[in-house]
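Going by my numbering, the first residue of the sequence shown is number 284, and it counts up by one from there.
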Amino acid sequence: MRADIGNYHDALIGVAYRITSDMESAKDIVQDTYMSVLKTESAFKGFSSFKTYLYRIV
284 MRADIGNYHD ALIGVAYRIT SDMESAKDIV QDTYMSVLKT ESAFKGFSSF KTYLYRIV
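Below, the structure written as structure tokens:
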């Protein structure tokens, strides 16, 4: 799962930027998302795609 996170970096930045309209805030949100995913790896049960899981965290 850790290797997959980087595949979505640009997309997550885009989502966070559309929410905040501020690039620095978007980068902070994505970094917080990464930390949350790494701390709670076992929470992902695979009922949805990993991309959907990441987007819900953002």
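Even glycine gets a Cβ: it sits at the ideal position worked out from N, Cα and C.
Item: Reducing DSSP to helix, strand and coil, say where K310 ends up.; Value: helix
Item: Between D287 and F327, which are expected to be in contact by the criterion C-beta below 8 Å, what is the C-beta distance as a whole number of angstroms?; Value: Actually they are not in contact, since the Cβ atoms of D287 and F327 sit about 10 Å apart, beyond 8 Å.
Item: Give the DSSP-derived three-state secondary structure of G297 in the structure shown.; Value: helix
Item: Taking DSSP as the reference, what is the three-state secondary structure of T335?; Value: helix
Item: When DSSP labels each residue in this structure, what does T323 get in the three-state scheme?; Value: coil
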